[in-house]
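Residue numbers (this note's numbering): 213 to 329.
Each residue gets a CB set at the ideal place from its N, CA and C atoms; glycine is no exception.
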């Protein structure tokens, strides 16, 4: 079970890397007002959602203690990210505050995951 959990954690990290990497890739375009939501950002957020839910299930099935408040907050932040990315995915130029919110919430989610013990 430990190998499966670690593999899903790796996929979860790949998802957040796709989301954050897409945002960072667009920072230059953000200054020019031409930033857009990349397909990899949506795929990364969806990967995070699926693997996050799988991790909760796998950890509970393995008998590990899961902090449901932490998971609930991370899920709420991810749902907001997903909504913004999904709604703006076809726009030619995304407003800077929207793109900035996606980047900020992604970083917030990383800090919640790593610092909240």
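- Looking at the backbone, the Cα of residue 298 and that of residue 291 are separated by about 10 Å.
- Rounded to whole angstroms, residue 230 and residue 310 show a C-alpha spacing of 18 Å.
- Residue 223 and residue 245 have their C-alpha atoms roughly 32 Å apart.
- Under the DSSP assignment, residue 251 falls in the alpha helix (DSSP H) whose first and last residues are 251-273.
- By the Cβ rule, the segment 249-261 does not count as touching the segment 270-280, because fewer than three pairs are nearer than 8 Å.
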